[in-house]
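Read in order, the letters of the sequence shown correspond to residues 117 to 361 in this note's numbering.
Cβ atoms here follow ideal geometry from the backbone N, Cα and C, with glycine treated the same way.
Nothing here was measured: the structure is a model prediction, and the numbers come from that model.
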Amino acid sequence: MWPAYRCFVDTPDLRAGSLTLDQAESLHLVKVRRAGPGEEVAVLNGHGQVGVARLVSAGKRDVVLEVERVETLPPPVPEITLAIGGLKQAAWDELLRHAVELGVNRIVRVQSDHAVADVQAGKEEAKLSRWREKMVQALKQSANPWMPELVIADSVGRALERLPAANLQVVGAFSATATIRTEVNQAPPGAITLWVGPEGDFSDSELSRLREAGARLVSLGPRILRAETAALAMVAAVRLVLCKP
Ligand code: SAM
Numbered sequence: 117m118w119p120a121y122r123c124f125v126d127t128p129d130l131r132a133g134s135l136t137l138d139q140a141e142s143l144h145l146v147k148v149r150r151a152g153p154g155e156e157v158a159v160l161n162g163h164g165q166v167g168v169a170r171l172v173s174a175g176k177r178d179v180v181l182e183v184e185r186v187e188t189l190p191p192p193v194p195e196i197t198l199a200i201g202g203l204k205q206a207a208w209d210e211l212l213r214h215a216v217e218l219g220v221n222r223i224v225r226v227q228s229d230h231a232v233a234d235v236q237a238g239k240e241e242a243k244l245s246r247w248r249e250k251m252v253q254a255l256k257q258s259a260n261p262w263m264p265e266l267v268i269a270d271s272v273g274r275a276l277e278r279l280p281a282a283n284l285q286v287v288g289a290f291s292a293t294a295t296i297r298t299e300v301n302q303a304p305p306g307a308i309t310l311w312v313g314p315e316g317d318f319s320d321s322e323l324s325r326l327r328e329a330g331a332r333l334v335s336l337g338p339r340i341l342r343a344e345t346a347a348l349a350m351v352a353a354v355r356l357v358l359c360k361p
């Protein structure tokens, strides 16, 4: 059972002992969540470590915790990579939240041919940092010990080059007759990549490129889903229904 109070620290190496939270985390814990001295707090670092801590002092700028012990939890399996065309800000924020809550291992934002929202050259780091803040909120909310890796790829080809080996790749496509269930049943994945087109869909040449790379086209039913809904449906199907560890 997770404690009601959870916080995030940006370190790959969480250790037992005294821990002072930064201003943003302190403010959130004390002012927004109203945690007080003596409360139990879970400390997440996004690298699978969870600290079991007590709140010692509740300054609004510098909360001090005593981390009693640190546990390490395994990353979610199967390993899910979500590769998705660029979306407008509100839809993208929603997608990030869902992906963190459902335990996606990696998110690749693909600057696809018909994407409605590309990341301008030179703005990548600023965007990644803003998106990471959204993901930290979702991580704390959902008590997910693992922060998904977040990557921007400037084309489908580049995304394919950067992806780790997956024994199954599926693309949401209206023309498909197969479903994720049939594909997963044929080849139960240790790692799966889920491709979702942008609002304007993948172009024909992108779809051909994905098929050449071994991706299987799958239907998500007769309705035209928004890209973020399609992504949510695919991840939920894999994580919660088809491939439960
Ligand atoms: N522009 C398209 C249209 O209006 O016909 C809609 C594209 S849809 C918003 C974005 C992506 O979601 C698609 O490229 C596809 O990957 C996925 N998608 C949405 N509904 C789907 C469905 N019923 N089956 C498979 N994939 C779907």
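Using CA coordinates, which residue listed in G152, V224, K243 is at the minimum distance from Q373? The question about residue 373 has no answer, for the chain in this structure spans 117 to 361.
Measure the beta-carbon distance from E354 to I196 and round it to whole angstroms, keeping in mind my assumption that it falls under 8 Å. Note on identity: in this sequence residue 354 is Val, with Glu being the wrong assignment. Rounded, the Cβ-Cβ distance is 6 Å, consistent with contact.
Collapsed DSSP secondary structure at V357 in the structure displayed: helix
Just list the beta strand (DSSP E) runs in the region 246 to 311, keeping only unbroken ones of 3 residues or longer that don't cross its boundaries, in chain order. 265 to 269, 284 to 288
Is the beta carbon of H230 less than 7 Å from the beta carbon of P153? no
Quick one: grab the DSSP three-state call for R225. strand
Does the structure place the region 163 to 177 close enough to the region 186 to 196 that three or more beta carbon pairs sit under 8 Å? yes
What residues in its chain sit with their C-beta under 8 Å from that of L326, if we drop five residues either side in the sequence? V272, L276, Q285, V287, W311, F318
May I ask you to check if the CB of A346 is nearer than 6 Å to at least one heavy atom of ligand 1? yes
Nearest to G175 (by Cα), restricted to the options V334, V193, H144: H144
Going by CA-CA distance only, name the one from G316, I268, N221 that's closest to V235. I268
Mind the definition here: the region 292 to 307 touches the region 247 to 256 only if three or more C-beta pairs lie below 8 Å; say whether that holds. no
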